[in-house]
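J.: Shown below is the structure under consideration.
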Amino acid sequence: MPDEADRVEVTASPTDVTTATDVTPGWGGSAGGLGVVGPPLLASRLSPAALPEPVLVRPRLLDRLDRGVAGPVTLVLAPAGWGKTTLLAGWARAVRGEPPPAWVTVEAGDTGERLWAYLAAALRAAADGVPGEGPQPPAPDGPPRPDQLELLAAALAARERPVLLVLDDLHRVTDPAALAGLEFLLRHTEGRLRVVAGARTDPPLALHRWRLAGELTEIGPAELAFTPDEVADLLVAHGVPLPAAAVPRLAERTGGWPAGLRFAALALRAQADPARAVDRFTGDQPDVAGYLRDEVLAPLDPAARDVLRRSAVAAAVCADLADAVTGRPDAGQVLADLAREGGFVQRDGSSPPWYRCQPLLADLLRDELDRLPADELGELHRRAAGWYAGHDRPAEALRHALAGGEWDTATELLIARWPELAPYERERPAVPAPPEPPAEAVRRDPELALAGAAERAYAGDAEAAAGQLRRAVEHARDLPAPRRDRFRRLAVAIELTLARLAGDHDEVRRAAGRLLATGAPDGPVDDPRAGAAEDADVRAVAGTALGLVALAEGELPEAAARFAEALAAARRAGRPRTELVCASRSALLDAAHGALRAAERHAREALALPSCQGWSSRLDCGYAYLALALVAWDRDEPAEAAAHLTLAGPATAEPGAAALAALCRAGLLAAGGEPAAALRALVAARETAPGAELGARLTADEAQLRAAVGDVESARALLADAGAGATDAATAVDPSPATGAGPAGPEPGGAGGGGRAALDVALARVRLRSGDPREAGRALPDWTGPDAAAWPLSVRLSAGLLDAVLTAGGDGRRAGRILEQVLDLAEPEGCRRVFTRAEPGVRDLLAAHLDSGTAHWPTVSDLVRGADERRADEPPERPAGPERTLDEPLTERELTILRYLQSILSNVEIASELSLSVNTVKTHVRNIYRKLDATRRREAVRRARELRLI
């Protein structure tokens, strides 16, 4: 759930709105003779605009403005309909204290003289009636002379409180000279004048100066866009009963554009089934289209509008593609200029950048595109097909070839590039279906219908793809043998895609087997219709499909093997799209296993592939970023891990990847002092994690985190339910000087080697934290045995480090040898987290190891120095055993609840955090009060701090 500060509130419309018909006389006489009496001023331009019903307060944006006015300039910059005026008016009305913000609405055609008349009136109104501030500032009614500016600047600088000035629609000022005086005031009023401006384009101010000095706050379309939670609240305010599942679809459909969402709310309110109507809400509806044409497209010059319309033939374009499609050498520059303004033309972060239009604007542009003559539209599709085919994007090339009626080109693309036509993204942007090939062309060439099936499957339209596949099979009965064999291979590849789209793992395995069984027909290599497809293509496509199934089921070792084979085959065959899928997943699986160098290499290679550009492969790139996040976390680089995790995006919602993302996210949260949030992330991921190994690793981390916050009892119970410690009875090892902690015997089955080992290491840590090193040694698995090589490296290192800690109490020399073995394993991959996040005694163990000699002196020295720096930043350690001052010591569970009593959580929320009943929590709280001789919560916390219990 979002924080309260990020929620949208519905309030009553204010009643104190000044009407636009009120007028105020000129202000010349009040300026000490500096001004002249001019035409009357409209009061409506000197007060915040009326807010639209229903009025929505967006606290996150109001807070952003509140923080921004600490500096000289705050700029709300966005195209039409992004809610600039509504935001500024709502904020100006909500500002508390004196003086209230001055307000000026700029109108088209305002001259410098007219603008300064309004500025003077606004500044005087803001200063009027503020006690203790002296006379009003001498604001001139026209463009000020230098001496007048200096007088005004001095008067403003002498004020105790700053003057806030809101300038709405500042883009209507086209003459830089009109704002020269305002710039002077901002520079010379010692921060007492602060301007908040709303504009569609950069105003004629020297913004670069404030930006360079870090004194400019900018709020753009990305921040003004409604979040899904804000969309939900807007719909509630409009009385639209939209199911929660449909809200993100509407947010995506509108791109969060405020005006578009209000149009949608009005349209959906009249629908019997609003959820279904969301998918039918498009930018070519009359109200939306009219607004976009008048406010967005009309102000553009004809050349820019033509570039936008013709570029809409593709979902996203780069400069080179835009040039090719439009035939204009400056099309890329036009798009770059439009993207700089933001809002309706967006660019990604790749190089060269790709551009796409806001979804509703894209609908309108495609509607205008469809009105072009058929031959002109067909030529645009043919140009796009040629560009995509020449830039390793066969799926897009196939769609445009079919849309342009290039039947031979479409068939050749299928035959030559079929491995690259398998879809791997969960959700692809909706694109219009191209026309079905004519019957005569399909009878002559059944592969053409297969091409249509492949295009529809790539678009995610399984029903249409299956229909095209049946059509192709009906016309392929009489094909000659070599061609028939090739047709069968292509048809089976499409069947494999349809099985993947249906989520039928068993059918995916059967279809992959059929594909691997298809033989390569003989024929001349230079004839794509009779030539044999290389065996590497078949192995790449089938292996990728099997790897995806294994990963979705949580079978990590099998998935790693499948992707490794498919990656090698894709590289032999020269299939960059398939290579990206395999390299990104291989990177994640390498990182999960602890092969950090290989993971980093595969991830960087994946992100460097052309397929990872321009929104076309966000899921695959997300896997690569998730791999880099795991690598950074294991190397104890939390800032880098958090940044990469943010970029992982869609991958974090995929089965398998979601569990690994949760392990990383929970670690970051716990390290950042948010154990409750970390526990929630682990519990949520554990409930949906596929496969026994991932579930075991999540359980192990959850148990260790519960023990770390003092809830040892629930940690033990969690591990017992998961089957940890099943080897205790097999081998009972005494951590004595002669033996050390030692192995606990062979591992049982169940969660798999790595998962079982993770559970046993967690159990050993929980027992050690409980003060029972003997039982910890009994639980510790054999991390030096041959089976341990298959464990995740972090699990093996944790077991070895814990072994050294347990041994150090009786045999320091042996502990040093064990520690050296652990360092031997960690050093090649750069693993550091197991040392920096380990038990408190590890620092002293490492320091002693420096004195006794090590082959890893630089690493150990760096670890010890880092531990010392962290210790210096922490508060002094409190003495142990303070509970002995109580007549009756607190239990472990009571200590856990006592820590939560410091927070603002209610008893109900504490019960939810600890998975207890409310009555149980209340019983523990009563016992805490009794033992601490307290009668209320605050008193109990104070007493506990005095006793150093918390």
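In the working numbering, the protein residues as written are -10 to 939.
Cβ coordinates follow ideal geometry from the N, Cα and C atoms, glycine included.
(1) Where does L791 sit, in a helix, a strand or coil, going by DSSP?
(2) How far does the alpha helix (DSSP H) with T507 in it reach, from first residue to last?
(3) When DSSP builds the beta bridges, which residues end up paired with I208?
(4) For L153, which residues does DSSP report across the bridge?
(5) Quick one: give me the first and last residue of the alpha helix (DSSP H) that T398 is part of.
(6) Among all the DSSP beta bridges, which residues are the ones paired with A91?
(7) Among the residues of its own chain, which have a CB less than 6 Å from the CB of Y612, if the five just before and after it don't count?
(8) Just to confirm before moving on: does the CB-CB distance between I483 and A506 stay below 8 Å?
(9) Taking the alpha-carbon of D164 as reference, which of R113, T206, R103 and E207 has the nearest alpha-carbon?
(10) Leaving out five residues before and five after A254 in sequence, what residues of the same chain have Cβ atoms less than 7 Å from its Cβ?
(11) Any idea if G661 is buried or exposed, counting beta-carbon neighbours within 10 angstroms, 16 or more meaning buried?
(12) Measuring CA to CA, which of P679, G203 and D690 is closest to R669?
(13) Write down the C-beta distance between D157 and L77 rounded to the nearest angstrom, noting that I regard them as a contact closer than 8 Å.
(14) With a threshold of 7 Å on Cβ separation, who are the neighbours of G492 within its own chain once the five nearest residues in sequence on each side are excluded?
(15) Reducing DSSP to helix, strand and coil, say where R360 ends up.
(16) In the DSSP assignment, what residue or residues form a beta bridge with Q335?
(17) Over what stretch of residues does the alpha helix (DSSP H) that includes D524 continue unbroken?
(18) Could you tell me which of L369, P435 and L556 sits nearest to D312, measuring between CA atoms?
(19) Just verifying my parser: in three-state terms, what is the DSSP assignment at V462?
(20) According to DSSP, is C820 part of a helix, a strand, or is it coil?
(21) Less than 8 Å between the beta carbons of A305 and R345, yes or no?
(22) Look at the alpha carbon of A751 and the alpha carbon of A186, and state the distance between them as a whole number of angstroms.
(23) Compute the Euclidean distance between the alpha carbons of R198 and R489, then round it to the nearest angstrom.
(24) Tell me whether the beta-carbon of A411 lies closer than 8 Å to the beta-carbon of T486.
(25) Taking a contact to mean a Cβ-Cβ separation below 8 Å, would you say A788 touches A815 in this structure?
(26) Is there at least one Cβ from chain C nearer than 8 Å to G170's Cβ?
(27) Can you tell me where the alpha helix (DSSP H) with R926 in it begins and where it stops?
(28) Under three-state DSSP, which class holds L31?
(29) One question on the structure: do G180 and P217 come within less than 8 Å of each other, judged by their Cβ atoms?
(30) Contact defined as beta carbons within less than 8 Å: I believe T941 pairs with A374. What is the distance between those atoms, to the nearest angstrom?
(31) Taking buried to mean at least 16 other C-beta atoms within 10 Å of its own C-beta, is W846 buried or exposed?
(32) Taking buried to mean at least 16 other C-beta atoms within 10 Å of its own C-beta, is G79 buried or exposed?
(33) Which class does V672 belong to by DSSP, given the choice of helix, strand or coil?
(34) Just mark S783 as buried or exposed, buried being the case when its beta carbon has 16 or more other beta carbons within 10 Å.
(35) Note down, one range per segment and in chain order, each alpha helix (DSSP H) of at least 4 residues found wholly within the stretch 593 to 654.
(36) Is the CB-CB distance between D276 and F252 below 8 Å?
T.: In short:
(1) Position 802 of the sequence shown holds residue 791. If DSSP states are grouped into helix, strand and coil, L791 belongs with the helices.
(2) As a first step, residue 507 must be located in the sequence shown, where it is residue number 518. Membership of T507 in any alpha helix (DSSP H) is not indicated, and neither H nor E is assigned to it by DSSP.
(3) Along the sequence shown, one-based indexing puts residue 208 at 219. V65, per the DSSP bridge assignment.
(4) Here residue 153 corresponds to residue number 164 of the sequence shown, with the count starting at 1. According to DSSP, L153 bridges with R183.
(5) Here residue 398 refers to the residue found at position 409 of the sequence shown. According to the DSSP assignment, T398 belongs to the alpha helix (DSSP H) that extends over W396 to R406.
(6) Within the sequence shown, the letter at position 102 stands for residue 91. Under DSSP, A91 shares a beta bridge with L154.
(7) In the sequence shown, the residue the question calls residue 612 occupies position 623. Counting only Cβ-Cβ distances below 6 Å, and skipping sequence neighbours, we find S573, R574, L577 and A640.
(8) Taking the sequence shown and counting its residues from 1, one reaches residue 483 at position 494. Taking the sequence shown and counting its residues from 1, one reaches residue 506 at position 517. No, they are not a contact pair.
(9) Taking the sequence shown and counting its residues from 1, the one referred to as residue 164 is at position 175. Nearest option by C-alpha distance: R103.
(10) For this step, residue 254 is matched to residue 265 along the sequence shown. The answer, listed in chain order, is L223, L224, H227 and V229.
(11) Numbered from 1 along the sequence shown, position 672 holds the residue referred to as residue 661. With fewer than 16 other Cβ atoms within 10 Å, it is exposed.
(12) Walking along the sequence shown from the start, residue 669 turns up at place 680. Comparing Cα positions, the closest option is D690.
(13) Start at 1 with the first residue of the sequence shown, and residue 157 comes out as number 168. Start at 1 with the first residue of the sequence shown, and residue 77 comes out as number 88. So it is a contact: roughly 6 Å between Cβ atoms.
(14) As a first step, residue 492 must be located in the sequence shown, where it is residue number 503. Contacts found: none.
(15) Reading the sequence shown from its first residue, position 371 is the one you call residue 360. Three-state result, R360: coil.
(16) Looking up residue 335 in the sequence shown gives position 346. According to DSSP, Q335 bridges with R345.
(17) Position 535 of the sequence shown, counted from the first residue, corresponds to residue 524. Run containing D524: D524 to A541, per the alpha helix (DSSP H) assignment.
(18) Within the sequence shown, residue 312 is the residue found at index 323, counting from 1. When only C-alpha atoms are compared, the closest one is L369.
(19) As a working note, residue 462 is residue 473 in the sequence shown. Helix at V462.
(20) Taking the sequence shown and counting its residues from 1, one reaches residue 820 at position 831. C820 carries a coil assignment under DSSP once its states are collapsed to helix, strand and coil.
(21) Walking along the sequence shown from the start, residue 305 turns up at place 316. Walking along the sequence shown from the start, residue 345 turns up at place 356. Between A305 and R345, the C-beta gap is smaller than 8 Å, which places the two residues in contact.
(22) Reading the sequence shown from its first residue, position 762 is the one you call residue 751. Reading the sequence shown from its first residue, position 197 is the one you call residue 186. Within the model, the alpha-carbon separation for A751 versus A186 is close to 56 Å.
(23) For the purposes of this step, residue 198 is taken as residue 209 along the sequence shown, with counting starting at 1. For the purposes of this step, residue 489 is taken as residue 500 along the sequence shown, with counting starting at 1. Near 55 Å, if we compare the C-alpha coordinates of R489 and R198.
(24) Translated into positions along the sequence shown, residue 411 becomes position 422. Translated into positions along the sequence shown, residue 486 becomes position 497. Taking 8 Å as the Cβ cut-off, A411 and T486 qualify as a contacting pair.
(25) As a first step, residue 788 must be located in the sequence shown, where it is residue number 799. As a first step, residue 815 must be located in the sequence shown, where it is residue number 826. In this structure, A788 sits away from A815, with a CB-CB distance that is not shorter than 8 Å.
(26) Although the question refers to chain C, the structure presented lacks it and comprises just one protein chain.
(27) For the purposes of this step, residue 926 is identified with residue 937 of the sequence shown, where counting begins at 1. Here the alpha helix (DSSP H) through R926 covers R926 to E935.
(28) By one-based count along the sequence shown, residue 31 stands at place 42. Three-state DSSP puts L31 in a strand.
(29) The residue labelled residue 180 in the question sits at position 191 within the sequence shown. The residue labelled residue 217 in the question sits at position 228 within the sequence shown. Between G180 and P217, the CB-CB gap reaches or exceeds 8 Å.
(30) No information on residue 941 is available, as it lies outside the stretch -10 to 939 that the chain covers here.
(31) On the sequence shown, residue 846 is found 857 positions in, with the first residue counted as 1. Label assigned to W846: exposed.
(32) Here the question's residue 79 lines up with position 90 in the sequence shown. Its Cβ being crowded by 16 or more others within 10 Å, G79 is buried.
(33) Sequence index remark: in the sequence shown, residue 672 carries index 683 (1-based). DSSP places V672 in the helix class (H, G or I) of the three-state scheme.
(34) Here residue 783 is taken as the residue at index 794 of the sequence shown, counted from 1. It counts as buried.
(35) Counting whole runs of 4 or more residues, the stretch 593 to 654 contains the alpha helix (DSSP H) stretches 607 to 623 and 627 to 637.
(36) In the sequence shown, residue 276 corresponds to position 287, counting from 1. In the sequence shown, residue 252 corresponds to position 263, counting from 1. Contact flag set, yes.
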